[in-house]
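> Sequential numbering of the sequence shown, starting at 2, is according to our numbering.
For each residue, glycine too, the CB sits at the ideal point set by N, CA and C.
A quick note: this is a predicted structure, and the numbers were derived from the prediction, not measured.
What follows is a single structure, and I will ask about it in a moment.
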Amino acid sequence: MARPGIKHDGTVTIPGLKGRAAVTVAFGSGASGVMPTSDGTHVVAAAADGGGSSVVTAYATASISGEQVTFKDVIYNRYVSSGLGSALIFGAGDAETIVAIYG
């Protein structure tokens with residue numbers, strides 16, 4: 002497991018990355034998404050319970066070369082409703098953090 006602490010953009014080396022079919026990327030918002038390990042550029046997206054009547058989504062672009070992964074545009078969004086049948090309020094965030102990569 003790697004604990005990169007990447008906020009919005011950053012690069013991390015993940016030893017043994019190529020020995021796995023996929024890894025899980027955990028975002029600071031509580032969301033986690035699956036990332037392939039093949040070289041290239043991939044989208045990592047996830048959703049999590051935001052508490053109450055809300056959902057948090059997280060997103061990152063991951064460029065993989067060997068065991069090195071560069072993340073760009075790590076952001077989150079929050080969708081909140083005051084109750085069933087109520088309007089959905091969208092809040093865009095930035096500087097989401099990738100707290101762990103494991104698999």
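Which of helix, strand or coil does DSSP assign to residue 17?
As a working mapping, residue 17 is identified with position 16 in the sequence shown. Coil.
> Run through DSSP, which three-state label would residue 190 get?
Residue 190 cannot be examined here, being either before or after the span of the chain that is shown, 2 to 104.
> Are at least three pairs of beta-carbons, each pair with one atom in the region 79–88 and one in the region 5–14, less than 8 Å apart?
Verdict: no, contact absent.
> Entirely within the region 43–79 and at least 4 residues each: give me those alpha helix (DSSP H) ranges in chain order.
Qualifying alpha helix (DSSP H) stretches: none in this window.
> Residue 25: which of 61, 90 and 86 sits nearest, CA to CA?
Here the question's residue 25 lines up with position 24 in the sequence shown. Cα-wise, what sits closest to residue 25 is 61.
> Short of 7 Å in beta carbon distance, which residues of its chain neighbour residue 94, apart from the five on each side in sequence? Order them along the chain.
Reading the sequence shown from its first residue, position 93 is the one you call residue 94. Counting only Cβ-Cβ distances below 7 Å, and skipping sequence neighbours, we find 76, 77, 78 and 79.
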